[in-house]
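A short write-up of the structure that comes next.
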Amino acid sequence: AHLKTVYFNSAYFGPSPIRSKETITKAMNRELDPSFYAYDEWMSISEKLRVKFAELLQVSPDTITHSTSSSDVINIIANGYVFSPGDRVAAINKDYQSNILPWMLAERHNKFKFDMLELGTEVVPNPAWLERNLKPQTKIFNMSYVTFDTGKKMDLVSIGKFLKSRDILFVVDATQALGGMEITAEELSYIDVLTVSSYKWMLGPYGHAFAYFSQRAQDSIYHLNA
């Protein structure tokens, strides 16, 4: 109701709710005079947010991490996964840059080979397409849940089942979906890493993202920064 326009483009940048402005104003007023701002209360803010994100996905807060962007999350995977010689990573050519550029950069360090797969006549990837295009040495497959250019929604369950049968880590960028669409418990059960930049359909601030890491992902990926 506080908008002066009719705004539809939350896939680009979601308008913050008026209560967000009120919360930020209240927080800034407290920080202008932090004399009575309890340390424990201040330090607990990020943990409270992790709990909220965990509730949204119906998972444990121990599986949720804060980040600055989906690109940052993908960088953590690209540089923290322990690759062996000959290993490969795959993504869809012309997917959003967050799911492409980190892999291209990490490939320069000769850790793995990066395959950008062409959809060809397929509208969206499916198990048969993956069967034809994924190399046997593929360890990670990364894609968007909803594409940024066409708005196509992927079948996470069928794709996830196929990847799980091949022991391939499934990385999903849900930035263009979560907030406007849900991730079901069944869908999440096949996802190893789910990353979300929160300034779109989540209506959060620019410069924040969060991610879900399954236990399998936590066991496979090392965070190199303290």
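If you're matching positions, the sequence shown starts at 128 in the working numbering and goes up one per residue. We put the beta carbon where it would ideally sit given N, CA and C, even for glycine.
Distance check for Arg157 and Asn260, CA to CA, integer angstroms please. 55 Å
Range covered by the alpha helix (DSSP H) that runs through Val178: 172-184
Per-residue DSSP class, three states only, for Tyr208: strand
What does a CB cutoff of less than 8 Å around Leu315 pick up in its chain, not counting 5 residues either side in sequence? Leu184, Gln185, Val186, Leu321, Tyr339
Please decide whether Tyr134 counts as near chain C, where near means a Cβ-Cβ distance under 8 Å. Considering every chain present, this structure includes no chain C. It has just one protein chain.
Residues near Tyr223 in its chain [Cβ-Cβ closer than 6 Å; skip 5 each side]: Ser271, Phe275
Top-ranked residue by Cα proximity to Gly207, from Asp189, Phe239, Val178: Phe239
Determine which residues share a DSSP beta bridge with Arg215 and list them. Lys240, Thr265
Thr195, enclosing alpha helix (DSSP H) - first and last residue: Here Thr195 belongs to no alpha helix (DSSP H), and DSSP marks it neither H nor E.
Residue range of the beta strand (DSSP E) that Asp222 falls in? Run containing Asp222: none; DSSP gives neither H nor E here.
Does Trp169 pass the burial test, meaning 16 or more other C-beta atoms within 10 Å, or should it be called exposed? exposed
Report yes or no: do the segment 242-251 and the segment 301-314 share at least 3 C-beta pairs separated by less than 8 Å? no
Taking contact to mean at least 3 C-beta pairs separated by less than 8 Å, is the segment 282-298 in contact with the segment 158-166? no
Cutoff 7 Å; reference Phe241; Cβ partners in own chain excluding five residues on either side: Val216, Trp230, Met231, Glu234
Which runs of the beta strand (DSSP E), 3 residues or longer, sit entirely within the segment 298-341? 320-324, 336-340
Continuous alpha helix (DSSP H) stretch holding Leu290: start and end: 283-292
What span of residues does the alpha helix (DSSP H) with Gly138 cover, start to end? Note on residue identity: the sequence assigns Ala, not Gly, to residue 138. Looking at the DSSP string, Ala138 is not in any alpha helix (DSSP H), and its letter there is neither H nor E.
Less than 8 Å between the beta carbons of Asn269 and Val298, yes or no? yes
Can Ser173 and His193 be called in contact, C-beta distance under 8 Å? yes
Rounded straight-line distance, which links the Cα of Thr190 to that of Glu149: 30 Å
Is Val200 helix, strand or coil by DSSP? helix
Just to confirm, is the Cβ distance from Ile201 to Asn237 under 8 Å? no
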